[in-house]
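Trainee: Sequential numbering from 0 applies to the sequence shown in numbering that gives the first Met the number 0.
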Amino acid sequence: MTKKTDANYGKGYAEANESDSLEPYIRIVKQRVKEAVTSENFEIPLLPHVATQVLQLANNPNAGFIEIEKIVKQDQVIAGHLIKTANSAFFRGVSEVTSLRDAMSRIGLKTLKDIVFSLSLHSKVFRVKGYEPILAEIWKHSVACAAIAQILAKYAGLNSDTAFVAGLVHDIGKPVLINVISQWETELQKPKPESPEDKKLRLWGSPEQKEAIAKKNYRPDSAKIHSIFEEVLVPFVFEESHAQVGALVATKWKLPNEIMEAIRWHHKPELSPNKMPITTVIYLSNLLCHHFGYGHEEDPIILPHQKAFKELNISEEKIGKIGTDLPKYVDQLLSSMVI
Ligand SMILES: [Fe+2]
Ligand SMILES: [Fe+2]
Numbered sequence: 000m001t002k003k004t005d006a007n008y009g010k011g012y013a014e015a016n017e018s019d020s021l022e023p024y025i026r027i028v029k030q031r032v033k034e035a036v037t038s039e040n041f042e043i044p045l046l047p048h049v050a051t052q053v054l055q056l057a058n059n060p061n062a063g064f065i066e067i068e069k070i071v072k073q074d075q076v077i078a079g080h081l082i083k084t085a086n087s088a089f090f091r092g093v094s095e096v097t098s099l100r101d102a103m104s105r106i107g108l109k110t111l112k113d114i115v116f117s118l119s120l121h122s123k124v125f126r127v128k129g130y131e132p133i134l135a136e137i138w139k140h141s142v143a144c145a146a147i148a149q150i151l152a153k154y155a156g157l158n159s160d161t162a163f164v165a166g167l168v169h170d171i172g173k174p175v176l177i178n179v180i181s182q183w184e185t186e187l188q189k190p191k192p193e194s195p196e197d198k199k200l201r202l203w204g205s206p207e208q209k210e211a212i213a214k215k216n217y218r219p220d221s222a223k224i225h226s227i228f229e230e231v232l233v234p235f236v237f238e239e240s241h242a243q244v245g246a247l248v249a250t251k252w253k254l255p256n257e258i259m260e261a262i263r264w265h266h267k268p269e270l271s272p273n274k275m276p277i278t279t280v281i282y283l284s285n286l287l288c289h290h291f292g293y294g295h296e297e298d299p300i301i302l303p304h305q306k307a308f309k310e311l312n313i314s315e316e317k318i319g320k321i322g323t324d325l326p327k328y329v330d331q332l333l334s335s336m337v338i
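1) For my contact list, D197 and N216 are in at a C-beta cut-off of 8 angstroms; report their separation, rounded to the angstrom.
2) Comparing alpha-carbon positions, which option in A143, T51, V53 and Y24 lies nearest S335?
3) So T279 and L311 are in contact, right, with Cβ under 8 angstroms, and what is the actual spacing, rounded?
4) On the three-state DSSP scale, how would you describe R91?
5) Please tell me whether L81 and V115 are closer than 9 angstroms, where the distance is taken between their beta carbons.
6) What do you reckon, are the CB atoms on Q243 and R263 nearer than 9 angstroms?
7) On the DSSP letters alone, give me the boundaries of the alpha helix (DSSP H) that G63 sits inside.
8) Between the C-alpha atoms of V124 and G172, what's the straight-line distance to the nearest angstrom?
9) Is G166 near Q149, with beta carbons less than 9 angstroms apart?
10) Tell me whether N285 is buried or exposed, calling it buried when 16 or more other Cβ atoms sit within 10 Å of its Cβ.
11) Looking at the secondary structure, which residues open and close the alpha helix (DSSP H) in which Y293 lies?
12) Output the distance between the C-alpha atoms of K327 and L157, rounded to the nearest integer angstrom.
13) Does any heavy atom of ligand 2 sit closer than 8 angstroms to the C-beta of S159?
14) Helix or strand or just coil, what does DSSP make of R100?
15) Can you tell which of P47, E229, L108 and P44 has the C-alpha that lies nearest to the C-alpha of N61?
16) When DSSP labels each residue in this structure, what does E238 get in the three-state scheme?
17) Could you please go through the chain and list the residues whose beta-carbon is closer than 5 angstroms to any non-hydrogen atom of ligand 2?
18) Between G322, I70 and S226, which has its C-alpha nearest L21's C-alpha?
19) Taking the straight line between their C-alpha atoms, what separation do you get for L120 and K209?
20) Report yes if the CB atom of I277 is closer than 9 angstroms to the CB atom of A162, and no otherwise.
21) Could you check whether R100 and E66 sit closer than 9 angstroms to each other, using their CB atoms as the reference points?
22) For ligand 1, any of its heavy atoms closer than 8 angstroms to the Cβ of A165?
23) Go through its chain and collect everything with a Cβ distance to A57's Cβ below 7 angstroms, but skip five positions before and after it.
24) Run through DSSP, which three-state label would E210 get?
25) Determine the DSSP secondary structure at W138, reduced to helix, strand or coil.
26) A102: beta carbon under 8 angstroms from a heavy atom of ligand 1?
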């Protein structure tokens, strides 16, 4: 397995094994992707309308089933999914529910908000053609992180709704980056017309000039371009920018400042300027996700040794409980949160 310390860490099969002709191409593409995601023109998708409205409900202490029903009715796919969820193994009651209202009351207000927010986010931001397997992995990891964050927040006496949303969006920079670089991939797939200058050199230039032109205009075929994007560029931009881009997304979506900070510093909480407890919760939830297998494999950790537990005043007994209760809870949430 490739470890962070290996020379090839972050490089996919393509980069590690391809012939020299691909290297300059990959270098140029990496540079341009890096410039694109750090430029002021970097395009961030809007927070889906339904998700925005669910978040606004958090500011309304009187919001109940009627308000959420109005939101859900705008999206028939989500409405249909709620009925399916209410009849799933976890929520199933004595009889089958067929109406939206019955489905909502069976699920319960609190879980309902979580599910509607998640489904809306998933259907609009986590869908990019050609990148389905990576996005499915990120989604699973995000839901697991939301579930763990919710539990940790309860144990630490913090707001578990905020923790849930923060956990769900902590890696939001990743799908957003995939959206952007997949558009760029599509652009690259389009054949470029040859300039008259290049044509002249290609036909009549010296052997060195011909070689230089061939190198400059080299384009791998579509399948090769996609594999370079998927195996080399995606890991590269994730490593470089996902937390930073995620914080930009949170700002554009007007998420609370504590969620923005948790996203920005979830890998390096020690650098966070305001040291908000929710940042520690998300840092720890992310570690636990990898520990329990919800995300790519990382070096194993010894749970009770994590000083973040101490910072959150979570006892060893509760840490043990997380290990036994978590997988079931995460699997149940996952089954309700993918359309
Ligand atoms: Fe991350
Ligand atoms: Fe993560």
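Even glycine gets a Cβ: it sits at the ideal position worked out from N, Cα and C.
Mentor: Put simply:
1) 6 angstroms
2) A143
3) 6 angstroms
4) coil
5) One thing to note: L81 has its Cβ within 9 angstroms of the Cβ of V115.
6) Against a cut-off of 9 angstroms, the Cβ pair of R263 and Q243 comes out as a contact.
7) No residue range can be given for G63, since it is assigned to no alpha helix (DSSP H) and is classified by DSSP as neither H nor E.
8) Looking at the two C-alpha atoms, the distance is approximately 10 angstroms.
9) G166 is a Cβ neighbour of Q149, given a cutoff of 9 angstroms.
10) buried
11) Per DSSP, Y293 belongs to no alpha helix (DSSP H) and is neither H nor E.
12) So the two alpha carbons sit approximately 23 angstroms from each other.
13) no
14) Helix.
15) Comparing Cα-Cα distances from N61 to each of P47, E229, L108 and P44, the minimum goes to L108.
16) helix
17) D170 and N285
18) S226
19) Spanning the two alpha carbons is a distance of roughly 50 angstroms.
20) yes
21) No, Cβ-Cβ distance for E66 and R100 is not below 9 angstroms.
22) No, since every heavy atom of ligand 1 falls outside the 8 angstroms radius drawn around the Cβ of A165.
23) D160
24) helix
25) helix
26) no
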